[in-house]
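Participant: I am attaching a structure below and will ask some questions about it afterwards.
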Amino acid sequence: MAYKEVEVKQPLMLTILPYVSIIAFFALWELVVQTGFIPDTLLAAPSTVVKTFIVKLHDINPDGATMGTHAWTSIQEAFLGYALSLLIGIPLGLCMGWFKVVEGLCRPIFELIRPIPPIAWIPLTVFWFGIGLTGKVFIIWIAGIVPCVINSWVGVRMTNPTLIQMARTYGASDWQIFTQLCIPSALPMVFGALQLALTYCWTNLVGAELLAADSGLGYLITMGGRVARPDIVVLGMICVGVSGAIIGFVIDQVEKKLLAGIRR
Amino acid sequence: MPTQEAPVKIRVNNLTKRFGDLTVLNGINFTIKKGELLAIVGPTGCGKTTFLNCLSKLMPATEGEILIDGEEANPRKHNISYVFQEPTCLPWRTVRENVAYGMEIKRIPKRECEERANQIMDLVGLSSCADLYPNQVSASMMQRIAVSRAFAVNPDLLLMDEPYGQLDVKLRYYLEDELVNLWRKLGSTVLFVTHNIEEAVYVAERILVLTNKPTSIKAEIIVDLPRPRNLIDPRFVDLRKQVTELIRWW
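Respectively, the protein sequence lines represent chains A and B. Just so it is clear: in the first sequence, position 205 is 205 by our numbering, and no numbers are missing. Counting from 1 along the second sequence, just add 1000 to a position and that's the residue number in our numbering.
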């Protein structure tokens, strides 16, 4: 029997559609600002944002840092928080899914902390860590850990029970079943968590940078608001959006490679 | 083919299972000889799956014992394989790795694992797709993978729970032949549960007919037809009718 990779050709229409929608979006945006339908004191046109971006690459006015500094600060904070939430959240969630003791111990506390918006932690964070990097990382960590725990936990819970029975009849130990069956079958959910946690971390960046900061993309946005410069606000927002999308895309590609047999 | 004088491999004494007030299995006694292929038929909902779950020790029996070579059955010590109704391939392992999975748990040396996996994949025609993932092969292939994995550990007892129930007739005949072929080559002791009477007469050396709940053994039928068996041989038809009658008579 011959098995062959079959290449499915997508209609040209579907391939170009995403580009069409993006171009149309920016064109429309440019148009409504240029024609004065929306005054440029309320919204900056894309062309203005690009100009501001080029200027901000070397000019520290009016917010005190260049684009590079802002981006670097945010990336540091977001990634430290993100990495910590994955490092703690995923193993915790996986264990909660399989070991009843861990679930019994951690679930009540987790359910209690989960509904609190990460930004509500800001005052306490200032008491505990002051206004440095640690506090912001803490907020981002709180934001990112929730989807990590939930997805890993649900992923383990969703392991096909017949697979577990199959392994048991061969005499597999609890630990073998956990590591060889539950974790691999939870992986698609865990990769979902990587995406979700990224969104949560990245969106809470602005919140975290409300903590007296002197640089960062969130800070750039709040400063832009304070000095009434919509172009700077939009620039900050677009940077957060574009970098988030790029990281999401990278995670997606890694997932496709790693989960060859599970999702294809 | 195993002879009538083969030693007893599996002995089940007074196997009883109750869920609260509901008695599902009621004092079942039987033996399986070494290298025998025994089929169990019974009406739908008579507790066939419960019966297999008790035999495989997935579920504790309320009373009674299951002895393999005179010792209480234990999945850690004995090689018990179980082929489930639905395909149980691990989607993140290739076909070859799936076939080897049972042997890996049994800590069989890597070399031997590979050799045995290759031998069995050759026998069932899986070699051509050894490096594919389960979602790239057909449903019948998936069930073949499960059967191969089960035979690969040289099981003391191989339990099969209507493994071909969901396949079409032509494929089923084909896979039944393949099963008989594997069983004869490897000499495993097999217990095959089905609700398909023709299938039971076709593959088995002996058939146990179960009653409705609370389930016990209603009759035993020896199938001493030569192989390969012919579905329209008058003796085959006779036996099939005999089993059908037993199931109809409640």
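Glycine included, every Cβ here is placed at the ideal spot set by N, Cα and C.
Quick check on the DSSP output: the alpha helix (DSSP H) that includes B:Ile1221 runs from which residue to which?
Facilitator: The residue given as residue 1221 of chain B occupies position 221 in the second sequence. Not the alpha helix (DSSP H): B:Ile1221 falls in the beta strand (DSSP E), residues Ile1217 to Ile1222.
Participant: Whole angstroms is fine: what's the gap from A:Ile122's alpha carbon to A:Ile131's?
Facilitator: Here residue 122 of chain A corresponds to residue number 122 of the first sequence, with the count starting at 1. Here residue 131 of chain A corresponds to residue number 131 of the first sequence, with the count starting at 1. Looking at the two C-alpha atoms, the distance is approximately 10 Å.
Participant: Per the DSSP calculation, B:Phe1192 is bridged to which residue(s)?
Facilitator: Here residue 1192 of chain B corresponds to residue number 192 of the second sequence, with the count starting at 1. In the DSSP output, where bridge partners are listed per residue, B:Phe1192 has B:Ala1039 and B:Met1160.
Participant: Which residue or residues does DSSP assign as beta-bridge partners of B:Lys1264?
Facilitator: Not covered by the structure: residue 1264 of chain B. The range shown for chain B is 1001 to 1250.
Participant: Distance check for B:Glu1036 and B:Val1180, CA to CA, integer angstroms please.
Facilitator: Here residue 1180 of chain B refers to the residue found at position 180 of the second sequence. Here residue 1036 of chain B refers to the residue found at position 36 of the second sequence. The straight-line gap from Cα to Cα measures roughly 11 Å.
Participant: Give, in chain order, every unbroken run of the alpha helix (DSSP H) that is at least 4 residues long and sits entirely within the stretch 1109 to 1171 of chain B.
Facilitator: 1110 to 1124 and 1139 to 1152
Participant: Reducing DSSP to helix, strand and coil, say where A:Leu163 ends up.
Facilitator: The sequence position of residue 163 of chain A within the first sequence is 163, counting from 1. Three-state DSSP puts A:Leu163 in a helix.
Participant: B:Glu1310: buried (16+ other C-beta within 10 angstroms of its C-beta) or exposed?
Facilitator: Here chain B has residues from 1001 to 1250 only, and residue 1310 of chain B is not among them.
Participant: Please confirm if B:Val1124 has its CB atom under 9 Å from at least one CB of chain A.
Facilitator: Taking the second sequence and counting its residues from 1, the one referred to as residue 1124 of chain B is at position 124. No, because no Cβ of chain A sits closer than 9 Å to the Cβ of B:Val1124.
Participant: Quick one: is B:Asn1230 buried, meaning 16 or more other Cβ sit within 10 Å of its Cβ, or exposed?
Facilitator: As a working mapping, residue 1230 of chain B is identified with position 230 in the second sequence. B:Asn1230 comes out exposed.
Participant: Could you tell me which of B:Thr1189, B:Gln1136, B:Asn1053 and B:Pro1007 sits nearest to B:Val1203, measuring between CA atoms?
Facilitator: Locating residue 1203 of chain B in the second sequence gives position 203, where the first residue counts as 1. Among B:Thr1189, B:Gln1136, B:Asn1053 and B:Pro1007, the Cα nearest to that of B:Val1203 is on B:Thr1189.
Participant: I'd like to know whether the C-beta of B:Lys1077 is nearer than 9 Å to at least one C-beta of chain A.
Facilitator: By 1-based counting over the second sequence, the position of residue 1077 of chain B is 77. True, the Cβ-Cβ gap to chain A drops below 9 Å.
Participant: Considering just the uninterrupted stretch of the beta strand (DSSP E) at B:Ser1081, what are its terminal residues?
Facilitator: The residue given as residue 1081 of chain B occupies position 81 in the second sequence. Residues Ile1080 to Val1083.
Participant: In whole angstroms, what is the alpha-carbon distance linking B:Phe1030 and B:His1195?
Facilitator: Walking along the second sequence from the start, residue 1030 of chain B turns up at place 30. Walking along the second sequence from the start, residue 1195 of chain B turns up at place 195. So the alpha carbons of these two residues sit roughly 19 Å apart.
Participant: Nearest chain B C-beta to A:Arg157 closer than 9 Å, yes or no?
Facilitator: Position 157 of the first sequence, counted from the start, is the residue given in the question as residue 157 of chain A. No, A:Arg157 does not count as interfacial toward chain B.
Participant: Going by C-alpha distance, which of B:Leu1126, B:Thr1088 and B:Ile1105 is nearest B:His1078?
Facilitator: Reading the second sequence from its first residue, position 78 is the one you call residue 1078 of chain B. Of B:Leu1126, B:Thr1088 and B:Ile1105, the residue nearest in Cα terms is B:Ile1105.
Participant: Sorted by chain position, which residues of the same chain lie with C-beta nearer than 7 Å to B:Met1142's C-beta, five sequence neighbours on each side aside?
Facilitator: Here the question's residue 1142 of chain B lines up with position 142 in the second sequence. These residues qualify, in order along the chain: Pro1087, Cys1089 and Pro1134.
Participant: Could you tell me if A:Leu205 is buried or exposed, where buried requires 16 or more neighbouring beta carbons within 10 angstroms of its beta carbon?
Facilitator: Residue numbering aside, residue 205 of chain A sits at position 205 when the first sequence is read from its first letter. In the assembly as shown, A:Leu205 is a buried residue. Its beta-carbon has 16 or more other beta-carbons within 10 Å.
Participant: With 9 Å as the threshold, decide whether the Cβ of B:Lys1102 is near any Cβ in chain A.
Facilitator: In the second sequence, counting from the first residue as 1, residue 1102 of chain B sits at position 102. Checking the sequence, you will find Gly at residue 1102 of chain B rather than Lys. Yes, because at least one Cβ of chain A sits closer than 9 Å to the Cβ of B:Gly1102.
Participant: Mind pulling the chain B residues with CB within less than 8 Å of A:Leu163?
Facilitator: Counting from 1 along the first sequence, the entry for residue 163 of chain A is found at position 163. Residues of chain B passing the Cβ test: Thr1088 and Leu1090.
Participant: So, B:Leu1025 versus B:Thr1044, is the Cβ gap smaller than 9 Å?
Facilitator: In the second sequence, residue 1025 of chain B corresponds to position 25, counting from 1. In the second sequence, residue 1044 of chain B corresponds to position 44, counting from 1. The answer is no: Cβ separation not under 9 Å.
Participant: Cβ closer than 9 Å: which chain A residues qualify as neighbours of B:Val1153?
Facilitator: Counted from its first residue, the second sequence places residue 1153 of chain B at position 153. Residues of chain A passing the Cβ test: Tyr170.
Participant: To the nearest angstrom, how far is it from the Cα of A:Ala44 to the Cα of A:Thr73?
Facilitator: The sequence position of residue 44 of chain A within the first sequence is 44, counting from 1. The sequence position of residue 73 of chain A within the first sequence is 73, counting from 1. Distance between the alpha carbons of A:Ala44 and A:Thr73: 25 Å.
Participant: Using 9 Å as the threshold, is the C-beta distance between B:Asp1168 and B:Pro1228 below it?
Facilitator: For the purposes of this step, residue 1168 of chain B is identified with residue 168 of the second sequence, where counting begins at 1. For the purposes of this step, residue 1228 of chain B is identified with residue 228 of the second sequence, where counting begins at 1. It is not a contact, given that the beta carbons lie outside the stated cut-off.
Participant: Considering only residues of the same chain and omitting the five flanking positions on each side of A:Met1, which have a CB-CB separation below 8 Å?
Facilitator: What you label residue 1 of chain A is simply residue 1 of the first sequence in a count that begins at 1. For A:Met1, the pLDDT reaches just 41, beneath the cut-off of 50, and the residue's location in the model is therefore unreliable, leaving the point undetermined.
Participant: Looking only at its chain, what residues have a beta carbon closer than 6 Å to the beta carbon of A:Gly218, apart from the 5 residues adjacent to it on each side?
Facilitator: As a working mapping, residue 218 of chain A is identified with position 218 in the first sequence. If we look at A:Gly218 and ignore the five residues flanking it on each side, its Cβ neighbours are Leu205, Val206 and Glu209.
Participant: State the Cα-Cα distance for the pair B:Gln1242 and B:Ala1039, rounded to the nearest angstrom.
Facilitator: Position 242 of the second sequence, counting from 1, holds the residue named residue 1242 of chain B. Position 39 of the second sequence, counting from 1, holds the residue named residue 1039 of chain B. C-alpha separation (whole angstroms): 15 Å.
Participant: Counting only C-beta atoms, is A:Gln176 closer than 9 Å to chain B at any point?
Facilitator: For the purposes of this step, residue 176 of chain A is taken as the residue at position 176 of the first sequence. Among the residues facing chain B, A:Gln176 is included, as its CB has a counterpart in that chain under 9 Å away.
Participant: Take A:Val102 and list the residues in its own chain whose beta-carbon comes closer than 8 Å to its own, dropping the five residues that flank it on each side.
Facilitator: Residue mapping note: residue 102 of chain A aligns to position 102 of the first sequence, counting from 1. Answer for A:Val102: Leu92, Cys95 and Met96, listed in chain order.
Participant: Work out the CA separation of A:Ile60 and A:Leu31 for me, nearest whole Å.
Facilitator: Stepping through the first sequence from its first residue, residue 31 of chain A is reached at position 31. Stepping through the first sequence from its first residue, residue 60 of chain A is reached at position 60. If you take the alpha carbons of A:Leu31 and A:Ile60, they lie about 29 Å apart.
Participant: Going by other Cβ atoms of all chains shown within 10 Å of its Cβ, with 16 needed for buried, is A:Ala267 buried or exposed?
Facilitator: Outside the displayed span of chain A (1 to 264) sits residue 267 of chain A, for which this structure offers no information.
Participant: Taking 9 Å as the CB-CB limit, is B:Ala1219 close to chain A?
Facilitator: Reading the second sequence from its first residue, position 219 is the one you call residue 1219 of chain B. Closer than 9 Å to the CB of B:Ala1219 there is not a single CB belonging to chain A.
Participant: Step through the CB atoms of chain B and report whether any lies within less than 9 Å of the CB of A:Met189.
Facilitator: The residue labelled residue 189 of chain A in the question sits at position 189 within the first sequence. It does not; no Cβ of chain B falls within 9 Å.
Participant: Quick check: is the beta carbon of B:Ile1080 nearer than 9 Å to any beta carbon in chain A?
Facilitator: Within the second sequence, residue 1080 of chain B is the residue found at index 80, counting from 1. Nearest CB-CB separation between B:Ile1080 and chain A: below the 9 Å threshold.
Participant: Measuring only the C-alpha atoms, how far is B:Asn1034 from B:Glu1199?
Facilitator: Translated into positions along the second sequence, residue 1034 of chain B becomes position 34. Translated into positions along the second sequence, residue 1199 of chain B becomes position 199. Rather than Asn, the amino acid found at residue 1034 of chain B in this sequence is Lys. Taking the straight line from one Cα to the other gives about 21 Å.
Participant: Cα-Cα, which of B:Ala1100, B:Ala1139 and B:Pro1109 is closest to B:Met1121?
Facilitator: Here the question's residue 1121 of chain B lines up with position 121 in the second sequence. Nearest of B:Ala1100, B:Ala1139 and B:Pro1109 to B:Met1121, Cα basis: B:Ala1100.
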